[in-house]
Amino acid sequence: MPTYIVGDIHITDTAAYQAHVPRALATIARFGGRVVAGGGRVDVLEGDPMPERIFIIEFQLPMWRGDGIGLRTIRRR
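If you number the sequence shown the way the working numbering does, the last residue is 184 and the count never jumps.
(1) When burial is assigned at 16 or more other CB atoms within 10 Å of the CB, is residue 116 buried or exposed?
(2) Between residue 63 and residue 142, which are expected to be in contact by the criterion C-beta below 8 Å, what is the C-beta distance as a whole number of angstroms?
(3) Pull up the DSSP beta-bridge partners for residue 159, would you.
(4) Unbroken beta strand (DSSP E) runs of length 3 or more, entirely within the segment 113-160: which are they?
(5) Between the C-alpha atoms of residue 180 and residue 168, what's the straight-line distance to the nearest angstrom?
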């Protein structure tokens with residue numbers, strides 16, 4: 108079952124951001140994630156504030172949690 112992280116980044120130091128991106132992508136990949144969307148133009152249909160840079164990362168949710176309770180058990184509660 109996929110789980111997603113959606114974020115909005117405000118970049119204040121372009122050089123630091125560009126140095127961070129490869130490390131962030133490597134960390135995402137190490138944990139089995141993938142970037143679904145990132146960067147590019149943002150069109151806000153309604154509401155505020157106007158995001159600068161949005162990203163979406165997908166991870167496959169494990170079938171168990173660290174405490175050993177399975178997702179099927181959680182869904183039955």
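We treat Cβ as the ideally placed atom computed from N, Cα and C, and that holds for glycine. Owing to the predicted nature of the structure, the values given are computational and were not obtained by experimental measurement.
Based on what the coordinates show:
(1) exposed
(2) An answer regarding residue 63 cannot be provided, because it is not within the stretch 108 to 184 covered by the chain.
(3) The partner list for residue 159 (beta bridge, DSSP) is empty, contrary to what the question assumes.
(4) Runs found: 141-145.
(5) Reliability of the predicted coordinates at residue 180 is poor, the pLDDT of 49 falling under 50, and the value obtained from them is presented with this limitation in mind. Cα to Cα, residue 180 sits roughly 15 Å from residue 168.
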